[in-house]
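Here's the structure we're looking at; comments come further down.
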Amino acid sequence: MKKKAYLGIDIGSISTKGVIINEKNEFLAECYLWTEGNPTQATQKVLRELEKQFDADAYRIAASGTTGSARKLVGSMIGAQVIKNEITAHAVGTTTLHPDVRTILEIGGQDSKIICVENGVAVDYAMNTLCAAGTGAFLSSQAHRLGVEVEEFGEIALKAKKAAPIAARCTVFAESDLVHKLQVGCPKEEIIAGLCKAVAGNYLNNVAKGKKIVSPVVFQGGVSKNAGVVRMFEEQLGMPVLVDEKGHLMGAFGIAILAKERQDEGEFSFDVAEMEFKTREITCGKCANHCEIICVYRDGMLIDSWGNRCDNGAVRQ
Amino acid sequence: MSRIHTIGIPRGLMAYRDGILWKEFFGNLGFECLVSPKSDRDILDTGMRRAVDETCLPFKMYLGHVEWLIGKCDAVFVPRTAGYKKREKLCTRYESLPDLIRNIFRDEHIDILTVSYDWDMDTSEEKVFLELGEQLEKPKKEVKKAYAKAKKQQDAWLKNREKAQNETLQSSRIKVLLSGHPYVLHDTYMGGELAQIINNFGAEVLYSDCVNRESALKKSYDFSHVMPWLINREITGADLLLKKKADGIILLSAYPCGPDALVNDMLTRRIKGIPLLNLTLDAQSGTAGVETRIESFIDIIRYQKAGGYGNQN
């Protein structure tokens, strides 16, 4: 008989992550790629990649879960048993690998969050508001301006003797600050170190404001791959900051574990990677609220819809 | 003023706190009252077109309600309420409300029925209502009676809400206290949406303004002697009174609110031993961001109660 495996997908605004784990929470397959503004296609690509790594003769997928900003859409697409917010997913994933963790710092493509943990369970959290200053998207746009790949940022920042002061409260201010620094002949590596410092400072002064940061600290999300930001966090916090090698997959890992624990098995087939999914946004005209209703179609058939505030806007399948 | 038959009451701002008193008072004096409908996207959009960008969301909503009433009543009731005590004032919006409305709707020449009181005047609620009745050319004796009756009607309404909340407190489900200004909590397009989301996640909603007002106000002095705002006092007092009975508190604010910015920061630092979430609403449509935040918050409460995620064997 085939052994049970669990699928977790984390669809963020910038990247989509997928993992398959076994009963012992060991990784059987993993994938990380860009969402490129199309969560359904990104998910299908992730599924194809996971299928390649997956030993279908030894295992079968017993349950699946989705998290991240497109969790609902992808959840109905793959027929997930668990659809949950990224705070819980990250907390579950991280506390599984690091049972003693007390603070989780997370900076992703367009959002950042802090999760405070006590006795292996989240007790408090905060997320950034609408503004994406100091997230991965901010670093990418600055890298572009400097003509450097964002992946190289960390290495370059570590070479700098000092960090140039840059205001990171707002992307617009940061950009004009950066142009000014370039024009007065400030070395590029100092500017990059300055950006990394600004990201860490901005995070601690905004998202983490008023939160008690207790060691052990785990830092994850795409930006945790930037060694420059990691060092700035360590300097500003005065404590070690741990970056897990699988840190970028923690949301997908966490939701896979939740799917496992739910013990509510459901059918899953990699065939969804080949089906055609379309979403349509319709504005309901039945009352003055004009709700924006999202309809999801699989091969032309409506499979799910949401966004209506009241029953008048319910879309019948 | 004798040509007034129908008085319009915008369903916004202090109408969510004192609206029953106003409506019953006018009704007892023989006037028709027309309350604008519950908030929706159209009302907000209308208000936003009228308002300057920087003002708060509830005020923009209020403007939409005022505009809805134009042409449907003989006068719109817009009181100037600055507070009765030095440490129990209201925000500057209220201190300038009739002037703001008169100027914003300058071209429409709307008739405003107003009354004014301030914390540095020697006055009382009853005196203010007597003044209002005098403006409406009603005999003093009749006005006094109308006020007394309206006050009783409001008390009954408040008692009922308190009673209903006390019943909710007995529920075995997770109880989330929505803490904020009444016009944010109960507006269908603001707090109303949140209550729906909280219910959908299987939790009960408690409100900071369904607590006995006098007790809450009194309790707030334990928290701060100098805090100048009446409503923030009522909110703070309610939070302290319900802290042990609720499973979590959501400090709900509508952007941008000066008093909330100060007081909620203090509350976040000083209320310990209960999960607390700061949530700020703005005019952005779509509830996805809010839903994620509430779901995360309820998960925190739920898994803490369960003692963990079950992932550590």
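Going down the list, the protein sequences come from chains H and S. Just so you know, we're using full-length UniProt numbering here: the first sequence kicks off at 1 and counts up by one. Just so you know, we're using full-length UniProt numbering here: the second sequence kicks off at 1 and counts up by one. Just so you know, even glycine gets a beta-carbon here, dropped at the ideal spot from N, CA and C.
Apply the 10 Å Cβ neighbour rule to residue i and answer buried if 16 or more other Cβ atoms are within range, or exposed otherwise.
i                         : result
cysteine 310 of chain H   : exposed
glycine 30 of chain S     : exposed
valine 172 of chain H     : exposed
arginine 48 of chain H    : exposed
arginine 233 of chain S   : buried
valine 217 of chain H     : buried
asparagine 166 of chain S : exposed
aspartate 99 of chain S   : exposed
lysine 260 of chain H     : buried
proline 259 of chain S    : buried
methionine 275 of chain H : exposed
methionine 301 of chain H : exposed
alanine 82 of chain S     : buried
leucine 132 of chain S    : buried
glutamate 214 of chain S  : exposed
glutamate 32 of chain S   : exposed
residue 324 of chain S    : What is shown of chain S runs 1 to 313, which leaves residue 324 of chain S out entirely.
Closer than 9 Å, CB to CB, is residue i near chain H or not?
i                         : result
glutamate 54 of chain S   : no
tyrosine 62 of chain S    : no
isoleucine 104 of chain S : no
asparagine 278 of chain S : yes
isoleucine 43 of chain S  : yes
serine 124 of chain S     : no
isoleucine 300 of chain S : yes
arginine 269 of chain S   : yes
serine 160 of chain S     : Checking the sequence, you will find asparagine at residue 160 of chain S rather than serine. It does not: the Cβ of asparagine 160 of chain S has no partner Cβ on chain H nearer than 9 Å.
glutamine 236 of chain S  : Correcting the residue identity first, residue 236 of chain S is threonine in this sequence and not glutamine. Not one chain H Cβ lies under 9 Å of threonine 236 of chain S.
arginine 293 of chain S   : yes
Can you confirm whether residue i, when its beta carbon is compared against all beta carbons of chain S, has any partner nearer than 9 Å?
i                         : result
isoleucine 166 of chain H : no
threonine 95 of chain H   : yes
aspartate 10 of chain H   : no
leucine 258 of chain H    : yes
glutamate 261 of chain H  : yes
glycine 210 of chain H    : yes
alanine 58 of chain H     : no
histidine 144 of chain H  : no
glutamate 265 of chain H  : no
aspartate 124 of chain H  : yes
methionine 127 of chain H : yes
glutamate 86 of chain H   : yes
glycine 120 of chain H    : yes
Going by the CB atoms, is the gap between residue j and residue i shorter than 9 Å?
i                            : j                            : result
leucine 217 of chain S       : lysine 245 of chain S        : no
arginine 262 of chain H      : alanine 89 of chain H        : no
leucine 204 of chain H       : leucine 237 of chain H       : yes
glutamate 24 of chain S      : glutamine 135 of chain S     : no
threonine 67 of chain H      : glutamate 36 of chain H      : no
asparagine 25 of chain H     : phenylalanine 253 of chain H : yes
phenylalanine 297 of chain S : glycine 248 of chain S       : yes
glycine 136 of chain H       : glycine 18 of chain H        : no
serine 112 of chain H        : glycine 134 of chain H       : yes
isoleucine 20 of chain H     : leucine 7 of chain H         : yes
valine 121 of chain H        : threonine 103 of chain H     : no
methionine 232 of chain H    : glycine 201 of chain H       : yes
isoleucine 114 of chain H    : lysine 211 of chain H        : yes
glycine 65 of chain H        : alanine 42 of chain H        : no
phenylalanine 26 of chain S  : glutamate 67 of chain S      : no
leucine 252 of chain S       : leucine 194 of chain S       : yes
valine 207 of chain H        : asparagine 128 of chain H    : yes
proline 58 of chain S        : valine 143 of chain S        : no
alanine 167 of chain H       : isoleucine 191 of chain H    : no
lysine 72 of chain S         : leucine 34 of chain S        : yes
leucine 90 of chain S        : glycine 64 of chain S        : no
tyrosine 147 of chain S      : leucine 158 of chain S       : no
In terms of DSSP beta bridges, what is residue i paired with?
i                         : result
aspartate 222 of chain S  : According to DSSP, which records beta bridges pairwise, aspartate 222 of chain S is partnered with nothing at all.
threonine 43 of chain H   : Partner(s): none; threonine 43 of chain H has no beta bridge.
alanine 203 of chain S    : S:Ile174
methionine 127 of chain H : H:Lys113
tryptophan 157 of chain S : Bridge partners of tryptophan 157 of chain S: none, in fact.
serine 13 of chain H      : The partner list for serine 13 of chain H (beta bridge, DSSP) is empty, contrary to what the question assumes.
lysine 278 of chain H     : H:Tyr297
tryptophan 34 of chain H  : H:Ser15
alanine 220 of chain H    : The question names alanine, but residue 220 of chain H in the sequence shown is glutamine. Partner(s): H:Glu106.
glutamine 60 of chain H   : Note that residue 60 of chain H is arginine in the sequence shown here, rather than glutamine. Answer is H:Lys4.
In chain order, which continuous runs of the beta strand (DSSP E) of length 3 or greater are located wholly inside the stretch 288–316 of chain H? 292–298, 301–306
Ranges of the alpha helix (DSSP H) found wholly within the stretch 74–150 of chain S, counting only runs of at least 4: 92–95, 97–104, 125–135
Please specify which runs of the beta strand (DSSP E), each continuous and at least 3 residues long, are wholly inside the stretch 226–283 of chain S, giving them in chain order. 248–254, 276–281
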